[in-house]
Amino acid sequence: MNKCKIISLGFVLLGGASLAAVSEQENVTLKGVMQGLLKSNLKLNESIVLQNFSAIELAANQIGHHPKPDMKIRMQLVKNMGTEMGQFKSMDNVVHNAALAIEAAAKSQDMEQVLVQYSTMIKGCQACHGKYKKRVAEIFK
Ligand code: HEC
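Heads up: the sequence shown begins at 171 in the working numbering, then just goes up one per residue.
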């Protein structure tokens, strides 16, 4: 389950940023990825309330670098999303980029910026759920 292999393919459908090496885990469902995001988000929220910058940094990093679903699942997603895959991916990027910005803001102990980026991030979660969650859940049920 936790066997990690590094691939340097251009498959960066969820979460990744470039064509660089991507960490690939086996047997990860999209739902599993999402449950991990929820956990990290709860931790992030708690850390913000407690003004614990190092914990904010860690939780934001986990969100920004969440594992990807299996290749098989990603291929299925691409097939079903068709031309909308680009939009799905760009919504994923909103969350990805905001999470990295939270991490950077926490590093410089800038709570104001943490909150600005947190707002962008959580809206990003909601935007994708509002548009795609139901439809995608149908594919993988
Ligand atoms: C690019 C789209 C997208 C983004 C961005 C996104 N999600 Fe999701 N999320 C989904 C989809 C699609 C599902 C339904 C998956 C399924 O049922 O197989 C889902 C489901 C979930 C679920 C329900 C899992 C379950 O057990 O049924 C949680 C919790 C969740 N997401 C958390 C988050 C959090 C937290 C964020 C932001 C940090 C986030 N998601 C960002 C697409 C997205």
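Positions of the beta carbon are idealized from the N, C-alpha and C atoms, including for glycine.
- Do the region 196-207 and the region 228-241 make contact, defined as three or more Cβ pairs closer than 8 Å? yes
- Kindly examine ligand 1 and report whether one of its heavy atoms sits closer than 6 Å to the Cβ of ASP240. Walking along the sequence shown from the start, residue 240 turns up at place 70. The answer is no for ASP240.
- Message: Whole angstroms are fine: how far does the CA of ALA274 sit from the CA of LEU220?
- Response: As a first step, residue 220 is located in the sequence shown; it is residue number 50 there, counting from the start. As a first step, residue 274 is located in the sequence shown; it is residue number 104 there, counting from the start. In a straight line, the C-alpha of LEU220 is about 18 Å away from that of ALA274.
- Along the chain, where does the alpha helix (DSSP H) that runs through LYS293 open and close? For this step, residue 293 is matched to residue 123 along the sequence shown. From DSSP, the alpha helix (DSSP H) with LYS293 extends over 281-298.
- Item | 6 Å Cβ shell around GLN232 - same chain, five flanking residues per side excluded | Position 62 of the sequence shown, counted from the start, is the residue given in the question as residue 232. Around GLN232: SER210.
- Pair within 7 Å by beta-carbon distance, GLY234 and LEU270: As a first step, residue 234 must be located in the sequence shown, where it is residue number 64. As a first step, residue 270 must be located in the sequence shown, where it is residue number 100. Yes, these two residues count as a Cβ contact at 7 Å.
- Message: Quick check: does the Cβ of MET204 come within less than 6 Å of any heavy atom belonging to ligand 1?
- Response: Translated into the one-based positions of the sequence shown, residue 204 becomes position 34. Checking the Cβ of MET204 against ligand 1 gives yes.
- Message: Taking 6 Å as the cut-off, is the C-beta of VAL198 nearer than that to any heavy atom in ligand 1?
- Response: Taking the first residue of the sequence shown as position 1, residue 198 is located at position 28. Outside the cutoff, so no.
- Have a look at ILE243 and VAL203 and give me their C-alpha separation to the nearest angstrom. One-based indexing of the sequence shown puts residue 243 at position 73. One-based indexing of the sequence shown puts residue 203 at position 33. Between ILE243 and VAL203, the C-alpha separation is close to 12 Å.
- Task: Along the alpha helix (DSSP H) that carries ASN211, what are the first and last residues, could you check?
- Result: Within the sequence shown, numbered from 1, the residue matching residue 211 stands at position 41. Its alpha helix (DSSP H) spans residues 200-219.
- Query: Cβ-heavy atom distance between ASP262 and ligand 1 below 6 Å?
  - Reply: For the purposes of this step, residue 262 is taken as the residue at position 92 of the sequence shown. For ligand 1, at least one heavy atom lies less than 6 Å from the Cβ of ASP262.
- Message: Please classify ALA229 as buried or exposed, where buried requires at least 16 neighbouring CB atoms within 10 angstroms.
- Response: As a first step, residue 229 is located in the sequence shown; it is residue number 59 there, counting from the start. With 16 or more other Cβ atoms within 10 Å, it is buried.
- Task: Would you mind sorting VAL192 into buried or exposed? The rule is 16 or more other CB atoms within 10 Å of its CB.
- Result: Within the sequence shown, numbered from 1, the residue matching residue 192 stands at position 22. Unreliable positioning characterises VAL192 in this predicted model, as indicated by a pLDDT of 44, which lies under 50. A coordinate reading is not provided.
- Is the beta carbon of TYR302 within less than 6 Å of some heavy atom of ligand 1? In the sequence shown, residue 302 corresponds to position 132, counting from 1. Yes, the beta carbon of TYR302 sits closer than 6 Å to at least one heavy atom of ligand 1.
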